[in-house]
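In full-length UniProt numbering, the protein residues as written are 1 to 140.
A virtual CB, placed ideally from N, CA and C, is assigned to each residue, including glycine.
Note that the coordinates shown come from a computational prediction; the quantities given were computed from them, not determined experimentally.
This report concerns only the one structure given below.
This is the structure we're talking about:
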């Protein structure tokens, strides 16, 4: 990082701000990645491997137009409605995702804008969240 960028970062970063509020070293500004990173402590799937997998996808997105294509997010069960069985083995369901997917950051509201509220999605039941394998994650 050049000295000019370091100087700007120092000016923009108050001394009481933690590492999560730093300017992205790849973009040299507070990009989409930083917005996701600031929210990591506010959610969990209950499985560290799943959390890390989701966080890694979010950390790979630096601009708004990539968000809906690349970033995964954990969606709590209460954000679905009209859940119906979709397979004979009771492992696959369809439901309406109340919020819809993230499309871009709203600077004014300091929150994500979303599209397709109540979109129909497919859910897969997981019996033991603690035993999620990489094969399962790749299937997703």
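According to DSSP, is residue i part of a helix, a strand, or is it coil?
i, result
"residue 126", "coil"
On the DSSP letters alone, give me the boundaries of the beta strand (DSSP E) that residue i sits inside.
i, result
"residue 113", "111 to 115"
"residue 103", "101 to 106"
Quick one: Cα of residue i to Cα of residue j, how far?
i, j, result
"residue 67", "residue 75", "16 angstroms"
"residue 98", "residue 26", "34 angstroms"
"residue 64", "residue 46", "28 angstroms"
"residue 84", "residue 77", "13 angstroms"
"residue 108", "residue 130", "39 angstroms"
"residue 133", "residue 117", "30 angstroms"
"residue 94", "residue 79", "13 angstroms"
"residue 51", "residue 38", "14 angstroms"
"residue 69", "residue 28", "22 angstroms"
"residue 123", "residue 23", "36 angstroms"
"residue 110", "residue 128", "35 angstroms"
"residue 57", "residue 136", "16 angstroms"
"residue 49", "residue 91", "21 angstroms"
"residue 73", "residue 104", "14 angstroms"
"residue 100", "residue 113", "9 angstroms"
Quick check on this structure: which residue in the options has the alpha carbon closest to the alpha carbon of residue i?
i, options, result
"residue 31", "123, 59, 133", "59"
"residue 125", "49, 100, 89, 112", "89"
"residue 106", "23, 43, 36", "36"
"residue 53", "103, 86, 71", "71"
"residue 102", "115, 81, 91, 120", "115"
"residue 43", "121, 55, 119", "55"
Taking only beta-carbon atoms, is residue i less than 7 angstroms away from chain D?
i, result
"residue 75", "The displayed structure is made up of one protein chain only, and chain D is not part of it."
Run through the stretch 26 to 97 for me and flag every whole alpha helix (DSSP H) of 4 or more residues, listed as ranges in chain order.
32 to 38, 48 to 59, 64 to 70
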